[in-house]
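Student: Each residue of the sequence shown is one higher than the last, beginning at 1 in the UniProt record's numbering.
Glycine included, C-beta positions come from ideal geometry on N, C-alpha and C.
Because the structure is a prediction, the values reported are computed rather than measured.
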Amino acid sequence: MLSRQHIRQQIRDRRRALSPEQQRLFAQQAAERMMAWPPVVLAHNVALFLSFDGELDTQPLIDQLWRAGKRVYLPVLHPFSPGNLL
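(1) Quick check on Ala17: does DSSP put it in helix, strand or coil?
(2) Just confirm the distance between the C-beta atoms of Gly54 and Arg24, as a whole number of angstroms; I'd bet it's less than 8 Å.
(3) According to DSSP, Arg71 sits in a beta bridge with which residue or residues?
(4) Pull up the distance between the alpha-carbon of Phe80 and that of Gln22, whole angstroms please.
(5) In or out: Leu77 buried (at least 16 other Cβ within 10 Å) or exposed?
(6) Could you tell me how far apart the beta carbons of Arg67 and Asn45 are, in whole angstroms, since I believe they sit closer than 8 Å?
(7) With distances taken between CB atoms, is the gap from Phe26 to Leu61 smaller than 9 Å?
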């Protein structure tokens, strides 16, 4: 059985193997699918994340949500300090 860390590394490697054009295409397709998903269609407020380390680019979705007049909420991360949950 593969460790969680090994599986994450495999997924990261596969993402990085995509060409920039493939990454743009997949991000746009994901945004279009999300904008057609009933919970998003009905929502006034949507929370999501900014992409990091080769993750699917969420900027196309954010742009479409703004154009649709929806509020977009992003997490704010603070530097780690012992005793605080992340």
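Tutor: The answer reads as follows:
(1) Taking the sequence shown and counting its residues from 1, the one referred to as residue 17 is at position 17. Note: Ala17 maps to helix in three-state DSSP.
(2) The count along the sequence shown starts at 1 and reaches residue 54 at position 54. The count along the sequence shown starts at 1 and reaches residue 24 at position 24. Not a contact, Cβ separation roughly 13 Å.
(3) Here residue 71 is taken as the residue at index 71 of the sequence shown, counted from 1. DSSP output for Arg71 lists Asn45 as bridge partner(s).
(4) Taking the first residue of the sequence shown as 1, we reach residue 80 at position 80. Taking the first residue of the sequence shown as 1, we reach residue 22 at position 22. If you take the alpha carbons of Phe80 and Gln22, they lie about 34 Å apart.
(5) If you number the sequence shown from 1, residue 77 lands on position 77. Classification of Leu77: exposed, given that the 10 Å Cβ count is below 16.
(6) Along the sequence shown, read from residue 1 onward, the residue named residue 67 stands at position 67. Along the sequence shown, read from residue 1 onward, the residue named residue 45 stands at position 45. Not confirmed; about 15 Å, so no contact.
(7) As a position in the sequence shown, residue 26 is number 26, starting the count at 1. As a position in the sequence shown, residue 61 is number 61, starting the count at 1. Contact: no.
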